[in-house]
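If you read the protein sequences in the order shown, they are chains W, D and F.
Under the numbering used here, residues 1 to 317 are what the first sequence spells out, in order.
Under the numbering used here, residues 1001 to 1333 are what the second sequence spells out, in order.
Under the numbering used here, residues 2001 to 2323 are what the third sequence spells out, in order.
Cβ coordinates follow ideal geometry from the N, Cα and C atoms, glycine included.
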Amino acid sequence: MMSLKGAAESLSEDIDEQWLQAKPMSLWKTTLRRLLRRKTGIVGLILIGFMMVMAIGAPVFAPYDPENVLIGKEKVRKREAPCIHLLGCPSERPQHLMGIDGNFRDQLSRVIYGARVSLSIGFTTVLFAFLGGTILGAIAAYWGGWLDNLIMRIMDVILGFPSLLLAIAIVAVLGPGIRNALFAISIVTLPAYARVMRASVLSIKEMDYVAASQALGASRLRILMSRIVPNALTPIVVLSTLGIASAILDAAGLSFLGLGAQPPTAEWGTMLGAERNQVFSAPHLVFFPGLAIMLTVLGFNLLGDGLRDALDPRLND
Amino acid sequence: MNTATDAPVLSVTGLKTWFHTRDGIAKSVDGVDLEVQPGKVLGVVGESGCGKSVTALSIMRLIPPPGRIENGQVLFKGEDLLSLSPTEMAKLRGEHISMIFQDPGSSLNPVVTAGNQIAEMYEIHRQTAARANQDKAIEMLEKVGIPDPGQRASAYPHELSGGMAQRVMIAMALACEPQLLIADEPTTALDVTIQSQILELIRELQEQTRTAVILITHDLGVVAQMADRIAVMYAGEVVEESDVTNLFDEPRHPYTRQLLKSIPVLGANQDDLAVIPGRVPSLVDLPGGCRFAARCEARTEVGLAACTESRPPLEAVGTGHKARCWMYLDNPP
Amino acid sequence: MTALIQVDRLSKHFPVHVGLLRREAGAVQAVSNISLDIHRGETLGLVGESGCGKSTLGRLVIRLLEPTSGTVRFNGDDLTHASREQLRKLRRRMQIIFQDPYSSLDPRSPVGNSIAEGLRVHGIINQSEQHEKVGQILDRVGLQSAHAQRFPHEFSGGQRQRIGIARALVLQPDFVVCDEPVSALDVSVQAQVLNLLRQLQRELELTLLFISHNLAVVEHLSDRVAVMYLGEIVEITDRDTLYREAQHPYTKALLSAVPVPNPHLRGEKIILQGDVPSPLNPPPGCKFHPRCPIAMDACRTTAPTPIQMRRPVEHLVACHAAG
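Here it is in structure tokens:
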């Protein structure tokens, strides 16, 4: 008959000495490892990384100032096709890898600087939506009752409108410009975060470890901040990554319609909007900004997909 | 009827089902031999991870990738199931071999009524008319003890209690009078009073229809009450096989012995429960030699070197009693 | 000597809301009018099947749930009407161990952090003192202090239960509610944890409320046992009397239904008819009467009050046919 001491000893025996040497694996570390195992996650990270490097290093990478009108400074024609020395363009002519736009500006520089605008809109709107949405969702779920009802019905109303149309309406009222575009997009994105956070908190609230904290005497606020919120954020992380993608698209859409970034600011959507009638005569002016949007949004979508798979506890190979 | 010379309904030899995971090959079932006689109940007992459910799914050929049946023979009425095509196997399932699972909540189709799920069995396997199928379904519901079967036939699974839903599953499984029924933890999710109802039902029906049953469970009490023969599994192997009285009266394998000593028994007035030290070995990283050696009390007493070096075969240690242990073999290496 | 825990006519109803405006359409009567005492140093076993309210009662007794009516006293102090500050102090002395080893620990915190939470809440904020106490309690439950930095998913089910026990005991409470602590564990691991609980109870002089649906496990650990059915206690007495001389027909059926690991004992079982009725709509009179093999007319109309059997020991049975 095994005594308790024997049981305790044998437990120590079978504990791998190696296991104790290895670093503890927090959930984030495990998630990162799983993310990096799949191609989707890696490709997404590479694309985003590339765009961010471009945005941050814009002054370094861009050959010209994006608002620099070249008429008179260089011998270039309006909407001239790209001149790439490596591909045969004579070296006497100035190199413009993506050509010249309708205002005699170097498009490559505008695309590179455009990354700054697009990415910052993407991150900022998601940040606001995240902060607003998670706080509202957490309050609704934790306090319940009429407050929950009130908050969620307001979210329902916002969600009742097609998001881009609502954003256009808000900008139309407030006036065009990046700041107002930011505000509008944040508003239309926020309800999704509130809903997801509320659902997340509602289910975490019922977990035994929350009851354990209660039994230990922790205050409601402490339980909310230290136990519930950190665990409830998991689905929000995926939502945010995908949210950046759609925020960038929304921003491009608003700018395309002339409601977002105003000329002469270089923004991919504005660039598309300005040259949309030249699709056949100067396709490079539509192609490159479009490609930039596509690659950035693809990058965030892939990262979001990769994260969702990495965070799903059931998908264990 | 001389059951001793009747050919077994199911005869499994050398079954190996391995899961090829990123972290290595998990040898869930690693050389299992089993036999079920017609009309008898074979209890397969073991803790989680021992491979009992995977064995059942392998017999039914329902193993999902990355699992693969690597080796072995599964003779059902003389025919090797592992050599059949998927279509041929599908014909057997439900009609000749049926299976019921632990959680009726997730095994029943939530959008089809109870009656229709049973009627579907007749539709698929007997191709009889819809009206006749409905009638037969109601008959089956009555047979499995559901009160008011005509009414209940139009109930959806979520409207049924756990016990009722399990009865519906049993009705579906026995609708076409299969020769073999595999029950994988059929009462684990049920309350104890409902459990005894369901076990009683299985016993009655089994006696009536002479269906052979493989009853898989971790509960030694359940097999003691229901089984004719018992196979004890550990880490992917059968470690002991015997008729039920012999297993409980004279368990041979140290795992069986230690397991029996570690469960609290009603009325036994035990002091501290005997503990099996250590943990089940990882299926990806199995030790050479006997898989139970690290936790075996007998080994520390008897001290056989063979235990850690080579894997003992499953050999007879008495009439109709086999055990996988070097202690009982004449010439351990 | 007053009992450590005194429960007086405790009830808990969960209202059911329907519709857009969430009208109250009825109530789930989880616990109905329960009175009992738990004596210092004893292990009171609480058995019953799913839906009988045993887990709810466990949580009510330490005020993790607010009762609909009735009171609970802890060592003479009124727990039900305690102020927030009084409650916080009382919490130190009563703790709970949960059933599911996978949801009872915060997956994002190292286990040492989860264990030390009680220390932090009750004023022991010194890091090294926390570290020391956590190490001690981990050692006590058969783990190592180095495990404190690891995360829950790195442990097995049995080890997580030990961590849950450590968390409950680090504050050295007087009373611990054990809510199905071994039900989710493998048979061979159950024995380890049960032995540990018994050992710790002796060493730390704990009073336990041991909740389980497994009668053999409850019999193994308990001094007295209470049987619950649909929110009420139908029988309560000391362990040996219950298991040998049960009076209530439900208790008898329950005992008969437990599959005994002995093939020689395949006797006649008392098989109850029908399913456990819903706590939303309990039957009138004695709640057990639709399934009771000896139901009489009185049972359908009047709920039985607990009767003390003619015995020297306390043996209460809520049945018209008892005595």
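At a beta-carbon threshold of 7 Å, the residues of chain D lying near S2050 of chain F are D1191, ordered along the chain. Taken atom to atom, the span from the alpha-carbon of G1078 of chain D to that of E1139 of chain D is near 32 Å. Within 8 Å of the CB of L27 of chain W, the CB atoms of chain F belong to P2107, R2108, F2151, H2153, in sequence order along the chain. Rounded to the nearest angstrom, the gap between the Cα atoms of N1109 of chain D and M1060 of chain D is 20 Å. Chain W has no Cβ within less than 8 Å of the Cβ of E2066 of chain F. In this structure, E2049 of chain F lies near T1193 of chain D, with their beta-carbon atoms less than 8 Å apart. In this structure, the alpha-carbon of A1268 of chain D lies about 20 Å from that of E2268 of chain F. Taking all protein chains shown into account, W28 of chain W has fewer than 16 neighbouring C-beta atoms within 10 Å of its C-beta and is therefore exposed. In the three-state scheme derived from DSSP, where H, G and I count as helix and E and B as strand, D1249 of chain D is classed as helix. Interface with chain F (8 Å Cβ-Cβ cutoff): A212 of chain W is included.
Residue-level contact by beta carbon fails for S2069 of chain F and chain D, as no gap is shorter than 8 Å. The CB of G1318 of chain D never comes closer than 8 Å to any CB in chain F; the least such distance is about 16 Å. Sequence-distant partners of D2008 of chain F (beyond 5 residues in either direction) whose C-beta falls short of 7 Å from its own C-beta, in its chain, are S2035, G2070, T2071. Chain-ordered, the chain F residues with CB closer than 9 Å to the CB of T1245 of chain D read P2263, H2264. Shown in chain order are the members of the stretch 216 to 249 of chain W whose Cβ falls below 7 Å from a Cβ of chain F: L216, G217, A218, R227, P230, N231.
With contact defined as three or more Cβ pairs closer than 8 Å, the stretch 2168 to 2184 of chain F and the stretch 2204 to 2214 of chain F are in contact. Where E1070 of chain D is concerned, the enclosing beta strand (DSSP E) starts and stops at 1067 to 1076. Going by DSSP, W146 of chain W is part of no beta strand (DSSP E) but of the alpha helix (DSSP H) stretching over 145 to 159.
Listed along chain F, no residue sits closer than 9 Å to A1171 of chain D by beta-carbon distance, the nearest being about 16 Å off.
A Cβ-Cβ contact shorter than 8 Å links P2261 of chain F with A1224 of chain D. Sequence-distant partners of L2255 of chain F (beyond 5 residues in either direction) whose C-beta falls short of 8 Å from its own C-beta, in its chain, are L2215, Y2243, A2246. D2186 of chain F belongs to the set of residues whose beta carbon lies under 8 Å from a beta carbon in chain D. About 13 Å separates the beta carbon of T2207 of chain F from that of G2058 of chain F, a gap too long to meet the 8 Å contact definition. Every alpha helix (DSSP H) of 4 residues or more that sits fully in the stretch 1094 to 1159 of chain D is shown, in chain order, as 1104 to 1107, 1114 to 1125, 1130 to 1143, 1149 to 1152.
A direct Cα-to-Cα measurement between I1069 of chain D and L166 of chain W gives close to 57 Å. As DSSP reads the structure, P2015 of chain F sits in a beta bridge with F:A2027. Taking each of F:V2121, F:R2198, F:H2013 in turn and checking the Cα distance to A2030 of chain F, the smallest one comes out for F:H2013.
The alpha-carbon of Y1156 of chain D is positioned some 11 Å away from that of V1168 of chain D. Under the three-state reduction of DSSP output, G41 of chain W falls in the helix class. In this structure, DSSP gives Q2095 of chain F an extended state, which the three-state scheme calls strand. Residues of chain W whose Cβ lies closer than 7 Å to the Cβ of E2117 of chain F are, in chain order, S213, L216, A218. Under the Cβ distance rule, D2100 of chain F counts among the residues neighbouring chain W, one pair being separated by less than 8 Å.
Cβ-Cβ separation between M1233 of chain D and G1051 of chain D: approximately 6 Å, consistent with a contact (criterion under 8 Å). A Cβ-Cβ separation of about 14 Å leaves G2157 of chain F out of contact with P2107 of chain F under the 8 Å criterion. With fewer than 16 other CB atoms across the displayed protein chains lying within 10 angstroms of its CB, W143 of chain W is exposed. Proximity of chain F to M207 of chain W at the Cβ level (cut-off 7 Å) is accounted for by S2103, in chain order.
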